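First up is the structure itself, then whatever we jot down about it.
Chains as they are written, first to last, in the working numbering: chain A, 42 to 382; chain B, 42 to 382; chain C, 42 to 382.
Structure below.
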């Protein structure tokens, strides 16, 4: 439970209302009740602030609702994210190390751990403080798991991988499997290019369920600080994904893709090998990115992805191609040309 | 082994042939032999019923094959599915609970279980009767697993999830991982929106291998009775998928997608956030569904998905665009306009 | 460590340089140093061979660099793959069988095994010589795992599957889950078609992380010798993939797809049910293959996939559709027809 003047201070918002009103829970606008905090950012909610039953509403400036406790900020959704954490985040308390832990020689452990039953760790690993490992986690030799990281059930980490601090890896994800690289021999048989690199996942990354992140062929596959991957994402060998970039589900990065910082990559996107996506670029869903993308560009469509407005113009015409053909046919008729129809 | 008059009764078909002929196995039309039951539904098979070596053939009405044992029905494939179950379904018999089961305090168990070695269950769960858990299954705290459900190897279920009766979850699937939701802060760092909802999977659902079903942010992600998911499917937070809907592999539903009842969603489909797909809609493969779909509609194409016939008309022209350009060039020539070519 | 005349002999290349120069490591062109072997194949590297610091460089014929140790071959990348294996492949040495192995009655084991802790094997399996099983591997009843195969962490194999020799299955992959097949009943409820077939993976296949390979309905799903699958690939029931075919990540093969030998299938490709892709065909990324593909054909685009050159011509025009519309508008103006604009 928090009172509003505390919430205002801790979320960086300006309170317009009762500083001692109490909130216990965060809730979405439509179902929020007495005791809840919520937020309104889209016009459809902003026009209905007076109807909202929440005890406190986080809003942008300019909202007129004198009977309501308002918390004003330029980024209501961000303040709401912080309020949820204040009210609902569990305080970490180490549950200890299960007595059935199997760990290889030379592996060292930090303090205040939460290691569930049925965890298997290789040799010469370093497991930081307050690390949480769920059942079925398998960590290979010589890995590093940073402080406060959480590996959910049945996560598999191959040898020699490095995972930073405060990293969350969801269930079933795989880190460090071999990159996909073969050279056909004289008879067409595929000869494996051994994959000698590693995977490095920097601090504050989050990796979704059943993702697959391959190790590099020589150098490392790198997820920079704060990268967030949704579920079922493929990261090919020797990719590098820049800080704070977010990637939605079922996207696949071919080997050697370089993604900049603060990019937004939607779902089911694919990239060609060795291309570079500049900082701050946005790629819309299902786009097939076949060449480099400039910083800040917005590209989309199908394959090959295009600058988004150019694609949209073509797309509108595409959806009406039969009309265009009819116009051409009429012109041919008028010109006395034989229509092919 | 069944005799045909029993099969006819149990599959709801009308027998035209020897009521005491015996069948031991189900088999596909082309390889069926003496002792087998098969079915013919497509014209390519219906014209060859006389050649079929099966002891019994399930067919629609109107087939003329006086030497054959025919089982007549309006839904031959359905009757065949039932015949396969009659002949090949193993009768359940609980194999017991492995002595190495790890289960938290307050977890209660039904009768006649089949719990393999290396299963880990949290606290305060309820495990129904005749539940089958394969090795490597991990179930979090406060989950409910209904009677007769089967969780295959290495399935991970996060805390507070509810799984109905007769549910089948294939190997490696993940139920209840966090939804993908962040708010960028003043510096562009992604602040996690904690995910406080759950996953509810109703009776008779089947979930394919390595699917990922996220928990809701506040409310629940819900799979209604009888939903069937193929492999490698992403279900984002707070989606709801309606009764009896089938979804093919590698499809991804963005957060908040509502899918109606009895829909057919093909493979590699993607949906935008918060859209609604009406009851009975059909979405063809690789479509990117960007807006609401009406009940019963058939939509397809790429992104944005369109009404299927409209898309097909555009697609035919697309594949011949060079011809259209040539027609325009000739018109320009005839009109004395300078062609851009 | 190898001297160059040995490397030349073992990689099938012709040495032009010091036969006794020593190499310890393989490295990419740009970072190779004294003691390294590398390769140059693309023009951008071939023009810079003189700058390269590697002790030996594998090149095609016709390179003029008298101060360098050159290994000459028509297939530099292949020779490099072999050189990497010579220098970096670990010699197999069985680590033994973990005492906690759980294996059902009638399962037999070969020699020189490497079975990690927390492996669970069913009844009546045959495990070949020098098989490596990582923690969390689950193998069902009556499976066969051939000599020298490696199953990485948390791989799940259902009952009755057959895996050949020298097969590598990466972490989290699932082999043998049920094919996706249902028949709607009178009320629209989906009745399961039991899946009675198996999965057969022949020698020298490699299967990526979190792939899902379904068993056949009646017959078997088959991966022929030397098939290489990247991560997160769906192989539907009763597919057959031909020898030496390579498939990139997130591709899905619908039930009954037949893929020929030596095909190259890029990422995020989808196929319709029951189609055939001929030997040596190439399918580019994100293509939706809706009908049979001839041997040796190159098809691509979106859905429906087309012959690649035909698609490219249409695609170029697509990206400039607004210009085409403008040309038609001018023609209409010139012809005195009312433009619809």
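Glycine included, each C-beta is placed from N, C-alpha and C at the ideal position.
Bear in mind that the values here come from a model prediction, so they are computed numbers and not experimental data.
C-beta neighbour in chain C for residue i, strict 8 Å
| i | result |
| --- | --- |
| residue 161/B | no |
| residue 124/B | no |
| residue 317/B | no |
| residue 291/A | yes |
| residue 176/B | yes |
| residue 368/A | yes |
| residue 373/B | yes |
| residue 61/B | no |
| residue 9/A | What is shown of chain A runs 42 to 382, which leaves residue 9/A out entirely. |
| residue 101/B | no |
| residue 170/A | no |
| residue 147/A | no |
| residue 309/B | yes |
| residue 226/A | yes |
| residue 376/B | yes |
Short Cβ contact (8 Å threshold) for residue i with residue j
| i | j | result |
| --- | --- | --- |
| residue 181/B | residue 195/B | no |
| residue 204/B | residue 242/B | yes |
| residue 128/C | residue 56/C | no |
| residue 224/A | residue 234/B | no |
| residue 253/A | residue 249/C | yes |
| residue 146/C | residue 135/C | no |
| residue 162/C | residue 148/C | yes |
| residue 109/B | residue 91/B | yes |
| residue 278/C | residue 292/C | no |
| residue 329/A | residue 311/A | yes |
| residue 53/A | residue 114/A | yes |
Closer than 8 Å at the beta carbon, the chain C residues around residue i
| i | result |
| --- | --- |
| residue 354/A | 362 and 363 |
| residue 206/B | Residues of chain C passing the Cβ test: none, with the nearest at roughly 14 Å. |
| residue 251/A | 213, 251 and 273 |
| residue 347/A | 360 |
Interface partners of residue i on chain B, CB under 7 Å
| i | result |
| --- | --- |
| residue 129/A | 235 and 237 |
| residue 190/C | Residues of chain B passing the Cβ test: none, with the nearest at roughly 18 Å. |
| residue 329/C | 326 and 327 |
| residue 271/A | 221 |
| residue 267/A | 230 and 231 |
| residue 95/C | Residues of chain B passing the Cβ test: none, with the nearest at roughly 41 Å. |
Residue-chain proximity (residue i, chain A), Cβ-Cβ < 8 Å
| i | result |
| --- | --- |
| residue 158/B | no |
| residue 258/C | no |
| residue 118/C | yes |
| residue 140/B | no |
| residue 359/C | yes |
| residue 195/B | yes |
| residue 212/C | yes |
| residue 107/C | no |
Contact with chain B by residue i, beta-carbon distance below 8 Å
| i | result |
| --- | --- |
| residue 381/A | For residue 381/A, the pLDDT reaches just 47, beneath the cut-off of 50, and the residue's location in the model is therefore unreliable, leaving the point undetermined. |
| residue 297/C | no |
| residue 112/A | no |
| residue 201/A | no |
Inter-residue CB distance, residue i and residue j (contact presumed, cutoff 8 Å)
| i | j | result |
| --- | --- | --- |
| residue 284/A | residue 265/A | 4 Å |
| residue 238/A | residue 221/A | Rounded, the Cβ-Cβ distance is 13 Å, inconsistent with contact. |
Listed by chain order, chain C residues near residue i by CB distance under 7 Å
| i | result |
| --- | --- |
| residue 73/A | Here the premise fails: no neighbours, minimum Cβ distance about 37 Å. |
| residue 68/B | 259 |
Proximal residues of chain A, C-beta to C-beta of residue i below 7 Å
| i | result |
| --- | --- |
| residue 303/C | 229 |
Interface residues of chain B facing residue i [CB-CB closer than 8 Å]
| i | result |
| --- | --- |
| residue 144/A | Those within 8 Å of residue 144/A in chain B number zero; the least Cβ separation is about 18 Å. |
Per-residue contacts from residue i into chain A (C-beta, under 8 Å)
| i | result |
| --- | --- |
| residue 343/B | 327 and 343 |
Closer than 9 Å at the beta carbon, the chain C residues around residue i
| i | result |
| --- | --- |
| residue 264/B | Per Cβ cutoff of 9 Å: no residues; residue 264/B is ~13 Å from chain C at best. |
Near the ligand PLP: residue i beta-carbon under 7 Å from a heavy atom
| i | result |
| --- | --- |
| residue 283/B | Ligands are entirely absent from the displayed structure, and the ligand PLP is therefore not among its contents. |
>> Quick check on the DSSP output: what are the complete beta strand (DSSP E) runs of length 3 or more inside the region 81–119 of chain A, in order along the chain?
In response: Runs found: 97–100 and 111–113.
> Which runs of the beta strand (DSSP E) fall wholly inside the region 173–233 of chain B and span at least 3 residues, in chain order?
Replying inline: Counting only runs of 3+ residues, the beta strand (DSSP E) found wholly inside the region 173–233 of chain B occupies 215–218, 223–225 and 231–233, in chain order.
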